[in-house]
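Residue numbers (my numbering): 15 to 327.
Note that CB positions come from ideal geometry on N, CA and C, so glycine has one too.
Here's the structure, in structure tokens; my notes come after.
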């Protein structure tokens, strides 16, 4: 899981740092955001101190009604040792009691010009993306007809060469060799390249090539949802491969199961064309058109018809 600090949030959303400068490196460990209304009223029994605290107009207007001694007490409790940051929305003025408490406990206090609800939504989306469970897989991720196809297989089987053929046909490269994968939501896997390998493709005998330089910006994209996995393997004459497509194999990455196809590789097979067809066929299945099931239905009808004829005779 990636780490996010208060400084990262400050730079991402261009927030103004008011106080608590020494705590700017604090880690944010959850995407949940707290609106400390009950805490302003004095109820700290279930105070989620590890969350970013977002204070809007409602909380501040209530705070201004408190007597001076309670104002100081509430802000000291709000600025706990676990609190990563306190953010004030709408460019509202930060109470002096909060500034003093934040400097005392090194809790960063920041200000945004955005409205509270809008900023809460944007910050939540950002944190969910950055803090999502992640892993890395050896393979190539290509956008084929809008389908994120993750090509895997043993080293030297031809993954990068197949990706190069697909790119020449107008499809787009996301990542080669190492694909970083984040699960940003249930059944949602997003693949992207490591910064070091972005736009690069390794072809044995040639070396490393820059796809964006050779084919232009339209030949690459920074990330893509993974919806189909294609495993390339050397043709094994003793193995029985699926010829109808009725059996759907799955591969689990993190907590998500993705449809997986196994394509045997041998001289004379155009793997890039097969992957193009696989991507188009996957899209057809998603809208309810399944040629394999249709063939099976027709076969059952023919068998049933012959059985009826035999009985009649």
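Does the beta-carbon distance from residue i to residue j come in below 8 Å?
i: residue 103; j: residue 70; result: yes
i: residue 47; j: residue 131; result: no
i: residue 41; j: residue 17; result: yes
i: residue 203; j: residue 288; result: no
i: residue 37; j: residue 121; result: yes
i: residue 286; j: residue 176; result: yes
i: residue 243; j: residue 166; result: yes
i: residue 224; j: residue 214; result: yes
Rounded to whole angstroms, what's the CA-CA distance from residue i to residue j? Just pull it up for me.
i: residue 174; j: residue 303; result: 31 Å
i: residue 275; j: residue 162; result: 13 Å
i: residue 111; j: residue 125; result: 15 Å
i: residue 78; j: residue 96; result: 25 Å
i: residue 61; j: residue 53; result: 7 Å
i: residue 316; j: residue 269; result: 42 Å
i: residue 284; j: residue 294; result: 16 Å
i: residue 178; j: residue 200; result: 31 Å
i: residue 352; j: residue 277; result: Outside the modelled stretch of the chain, which goes from 15 to 327, sits residue 352, for which no answer is possible.
i: residue 106; j: residue 143; result: 28 Å
i: residue 194; j: residue 180; result: 21 Å
i: residue 247; j: residue 254; result: 13 Å
i: residue 226; j: residue 235; result: 9 Å
i: residue 91; j: residue 59; result: 11 Å
i: residue 29; j: residue 55; result: 27 Å
i: residue 86; j: residue 157; result: 56 Å
i: residue 198; j: residue 45; result: 11 Å
i: residue 296; j: residue 155; result: 16 Å
i: residue 221; j: residue 170; result: 14 Å
i: residue 307; j: residue 299; result: 10 Å
With distances taken Cα to Cα, identify the nearest neighbour of residue i among the options.
i: residue 218; options: 142, 179, 172, 197; result: 172
i: residue 50; options: 39, 99, 40; result: 99
i: residue 129; options: 122, 151, 101, 120; result: 101
i: residue 196; options: 187, 185, 208; result: 208
i: residue 245; options: 191, 168, 221, 224; result: 168
i: residue 151; options: 290, 73, 64, 240; result: 240
i: residue 261; options: 233, 232, 291, 310; result: 310
i: residue 27; options: 212, 297, 141, 200; result: 141
i: residue 35; options: 56, 243, 21, 43; result: 21
i: residue 231; options: 30, 188, 107; result: 188
i: residue 136; options: 56, 23, 225, 255; result: 23
i: residue 290; options: 55, 164, 74; result: 164
i: residue 123; options: 170, 154, 94, 31; result: 31
i: residue 186; options: 160, 252, 233, 19; result: 233
i: residue 57; options: 212, 43, 75, 89; result: 89
i: residue 159; options: 39, 292, 216, 252; result: 292
Taking all protein chains shown into account, do 16 or more other C-beta atoms lie within 10 angstroms of the C-beta of residue i, making it buried, or fewer, making it exposed?
i: residue 118; result: exposed
i: residue 133; result: buried
i: residue 280; result: exposed
i: residue 319; result: exposed
i: residue 205; result: buried
i: residue 146; result: buried
i: residue 264; result: exposed
i: residue 116; result: buried
i: residue 81; result: exposed
i: residue 73; result: buried
i: residue 228; result: exposed
i: residue 109; result: buried
i: residue 238; result: buried
i: residue 153; result: buried
i: residue 65; result: buried
i: residue 83; result: exposed
i: residue 190; result: buried
Tell me the residue span of the beta strand (DSSP E) that contains residue i.
i: residue 54; result: Not the beta strand (DSSP E): residue 54 falls in the alpha helix (DSSP H), residues 51–54.
i: residue 206; result: 202–206
i: residue 270; result: 270–279
i: residue 157; result: 154–158
i: residue 248; result: 242–248
i: residue 38; result: Neither: residue 38 is in no beta strand (DSSP E) and is coded neither H nor E.
i: residue 189; result: 186–189
i: residue 332; result: Residue coverage of the chain in this structure runs from 15 to 327, which leaves residue 332 outside it and unanswerable.
Output yes if chain D places a C-beta closer than 8 Å to the C-beta of residue i; else output no.
i: residue 196; result: Annotation note: the requested chain D is absent from the structure, which comprises a single protein chain.
What residue range is occupied by the uninterrupted alpha helix (DSSP H) comprising residue i?
i: residue 83; result: 82–92
i: residue 116; result: 110–119
i: residue 177; result: 173–182
i: residue 292; result: 285–300
Would you say residue i touches the ligand NAP, meaning its beta carbon is less than 7 Å from a heavy atom?
i: residue 124; result: You won't find the ligand NAP in this model; it holds no ligand whatsoever.
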